[in-house]
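Participant:
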Amino acid sequence: MSNPGVIWKKVQRPLAMSLLCGALLASLSGCVAVVAGGAISGTLAATDRRTLGAQTEDRAIEVKGQIKANNATGDAGHVNINSFNRRALLTGEVRDDAMKAAVEREVRSIEGVVEVINELEIAGPSSYTSRSSDAIITTKVKASLVDAKDISANSYQVVTERGVVYLQGRVTQREGQIGADIARGVSGVMKVVKVFEYISEEEWKTYQPKPANNSQSSSS
Numbered sequence: 337m338s339n340p341g342v343i344w345k346k347v348q349r350p351l352a353m354s355l356l357c358g359a360l361l362a363s364l365s366g367c368v369a370v371v372a373g374g375a376i377s378g379t380l381a382a383t384d385r386r387t388l389g390a391q392t393e394d395r396a397i398e399v400k401g402q403i404k405a406n407n408a409t410g411d412a413g414h415v416n417i418n419s420f421n422r423r424a425l426l427t428g429e430v431r432d433d434a435m436k437a438a439v440e441r442e443v444r445s446i447e448g449v450v451e452v453i454n455e456l457e458i459a460g461p462s463s464y465t466s467r468s469s470d471a472i473i474t475t476k477v478k479a480s481l482v483d484a485k486d487i488s489a490n491s492y493q494v495v496t497e498r499g500v501v502y503l504q505g506r507v508t509q510r511e512g513q514i515g516a517d518i519a520r521g522v523s524g525v526m527k528v529v530k531v532f533e534y535i536s537e538e539e540w541k542t543y544q545p546k547p548a549n550n551s552q553s554s555s556s
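In this note's numbering, the protein residues as written are 337 to 556.
1. Nearest to Thr508 by alpha carbon, out of Val399, Phe532, Ala390?
2. Could you check what DSSP says for Ile473 in three-state terms: helix, strand or coil?
3. Could you check what DSSP says for Ile417 in three-state terms: helix, strand or coil?
4. Along the chain, where does the beta strand (DSSP E) that runs through Gly401 open and close?
5. I'd like the ranges of any alpha helix (DSSP H) spanning at least 4 consecutive residues and lying wholly in the region 432-517.
6. Could you check which residue in Ile472, Phe420, Gly428 has the C-alpha nearest to that of Val449?
7. In terms of residue numbering, what span does the beta strand (DSSP E) encompassing Lys530 cover?
8. Excluding sequence positions up to five away, which residues of its chain have a Cβ less than 6 Å from the Cβ of Ala459?
9. Grab the span of the alpha helix (DSSP H) containing Lys541 for me, first residue to last.
10. Looking at Ala408 and Ile417, is the spacing between their C-beta atoms short of 9 Å?
11. Can you give me the C-alpha to C-alpha distance between Gly366 and Val415, rounded to a whole angstrom?
12. Pick helix, strand or coil for Arg520, following the three-state DSSP scheme.
13. Using a 10 Å radius around the Cβ and a threshold of 16 neighbouring Cβ atoms, would you call Val399 buried or exposed?
14. Helix or strand or just coil, what does DSSP make of Ala412?
15. Is Ile535 buried or exposed, if buried means 16 or more other CB atoms sit within 10 Å of its CB?
16. Roughly how many whole angstroms lie between the Cα atoms of Ser363 and Leu503?
17. Can you tell me whether Ala299 is buried or exposed, with buried defined as 16 or more other CB within 10 angstroms of its CB?
18. If I measure Cβ to Cβ from Glu393 and keep anything under 8 Å in the same chain, skipping five residues before and after, which residues do I get?
19. Less than 9 Å between the beta carbons of Ile518 and Ala484, yes or no?
20. Between the Cα of Val452 and the Cα atoms of Ala437, Ser462, Pro461, Gly512, which residue gives the shortest distance?
21. Alpha carbons only, please: which of Gly521, Ser523, Ala412, Lys478 is nearest the one belonging to Gly505?
22. Where Val529 and Val500 are concerned, what is the direct C-alpha to C-alpha distance, given to the nearest angstrom?
Here it is, written out as structure tokens:
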């Protein structure tokens, strides 16, 4: 069977380019583009440092959280929910502190959520232009992470709001610093906020791809 780590190295750059095209299309159409093929999705899941159960729960938290947030804000707010390993990150804009607290309360009530990181700003909803710019910045950061050596880009989740880049993921302190430094170097980034779940170097070793076994004898 092919090594998931090797497969990921082969597909990560084309995937980043596909995501960039998706972000550009999203900025023109005003909707969120999802770019993922079956084989690539399977590889991403295999190299993700979350369990498959956590990945499934994160998707459910995001969907449920978005519905609850929209109900809590109506047209007076713009909220994005991004969950990584059951830790829900709230970004966007709300009308006042009461609405900010209401959104957090609604998301915190979702089954499976272990932590809520509330980064909502008290401000009017961001403009279409601002959101389009954020989508492009996110993809630039992801592409830069793909190009970096000594880290796995799939270990990071990138969210951008009004030029502020939020980095999630299960990473070591070293990986977290490298990822933050890379994000800071991307044009348009105003600030980088690290909301990582840190792991030890020993745990990191367990996620590294195992060398392919080439000892099989070939038949004559």
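Backbone N, C-alpha and C define an ideal beta-carbon position, used for all residues, glycine too.
In this text the structure is predicted, and so the values were computed from the model without any measurement.
Facilitator: Taking the definition as stated:
1. Your numbering for residue 508 matches position 172 in the sequence shown. For the residues Val399, Phe532, Ala390, the minimum Cα distance to Thr508 belongs to Phe532.
2. Against the sequence shown, residue 473 aligns to sequence position 137. Reduced to three states, the DSSP call for Ile473 is helix.
3. Stepping through the sequence shown from its first residue, residue 417 is reached at position 81. Three-state result, Ile417: strand.
4. Position 65 of the sequence shown, counted from the first residue, corresponds to residue 401. Taken as a continuous stretch (DSSP letters only), Gly401 belongs to no beta strand (DSSP E), being part of the alpha helix (DSSP H) at 388-409.
5. 433-444, 464-483
6. Position 113 of the sequence shown, counted from the first residue, corresponds to residue 449. Minimum Cα distance to Val449 is reached at Phe420.
7. Mapped onto the sequence shown, residue 530 falls at position 194. 527-530 is the span of the beta strand (DSSP E), which, as asked, contains Lys530.
8. Counting from 1 along the sequence shown, the entry for residue 459 is found at position 123. Taken in chain order, the residues that qualify are Glu429.
9. For the purposes of this step, residue 541 is taken as residue 205 along the sequence shown, with counting starting at 1. 537-542 is the extent of the alpha helix (DSSP H) around Lys541.
10. The residue given as residue 417 occupies position 81 in the sequence shown. The residue given as residue 408 occupies position 72 in the sequence shown. No, the Cβ-Cβ distance between Ile417 and Ala408 is not below 9 Å.
11. Taking the sequence shown and counting its residues from 1, the one referred to as residue 366 is at position 30. Taking the sequence shown and counting its residues from 1, the one referred to as residue 415 is at position 79. With a pLDDT of 44 at Gly366, under the threshold of 50, the modelled position of this residue cannot be trusted; read the value that follows with caution. Gly366 and Val415: Cα-Cα distance of roughly 16 Å.
12. For the purposes of this step, residue 520 is identified with residue 184 of the sequence shown, where counting begins at 1. Residue state, collapsed to three classes: helix.
13. In the sequence shown, the residue the question calls residue 399 occupies position 63. With fewer than 16 other Cβ atoms within 10 Å, it is exposed.
14. By 1-based counting over the sequence shown, the position of residue 412 is 76. Helix at Ala412.
15. For the purposes of this step, residue 535 is taken as the residue at position 199 of the sequence shown. Flag for Ile535 reads buried.
16. Within the sequence shown, residue 363 is the residue found at index 27, counting from 1. Within the sequence shown, residue 503 is the residue found at index 167, counting from 1. Note on Ser363: pLDDT 44, under 50, position unreliable in the model; no value is reported.
17. Residue 299 lies beyond the stretch modelled for the chain, which goes from 337 to 556, so this question has no answer here.
18. Position 57 of the sequence shown, counted from the start, is the residue given in the question as residue 393. Ser419, Arg422, Gly448.
19. Locating residue 518 in the sequence shown gives position 182, counting from the first residue. Locating residue 484 in the sequence shown gives position 148, counting from the first residue. Result yes, Cβ atoms of Ile518 and Ala484 sit closer than 9 Å.
20. What you label residue 452 is simply residue 116 of the sequence shown in a count that begins at 1. The option with the nearest alpha carbon to Val452 is Ala437.
21. Taking the first residue of the sequence shown as position 1, residue 505 is located at position 169. The candidate whose alpha carbon is nearest that of Gly505 is Lys478.
22. As a first step, residue 529 must be located in the sequence shown, where it is residue number 193. As a first step, residue 500 must be located in the sequence shown, where it is residue number 164. Going from the Cα of Val529 to the Cα of Val500 covers about 7 Å.
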